[in-house]
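In the numbering used here, the protein residues as written are 62 to 164. Here the structure is laid out as structure tokens; the discussion comes afterwards.
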């Protein structure tokens, strides 16, 4: 086995909290926001191993790819288009009803 890649996970929630705190207490204006960058350097990195052993060691190497499913994406888009169409129809009906009451 050999380590081929190291991927460092991005601490999104910690970064957003840091930015919000820095803005709220004015550290960005005072130039001290960079001092807290060292807190991000202590985060462990994720290691990915490349298996180079024989297939007889018991590890499964013939994984089926996850089906993200293009139909799921099309279904999601269909729901949003349907919602937009319903909003347009509701706006038209509301406009017609309002004009009837004004006349």
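Just so you know, even glycine gets a beta-carbon here, dropped at the ideal spot from N, CA and C.
Rounded to the nearest whole angstrom, the CA to CA distance from residue 119 to residue 76 is 41 Å.
In the three-state reduction of the DSSP assignment, residue 120 falls in the coil class, being assigned neither a helical nor a strand state. Taking the CA atoms as reference points, residue 137 sits about 27 Å from residue 155.
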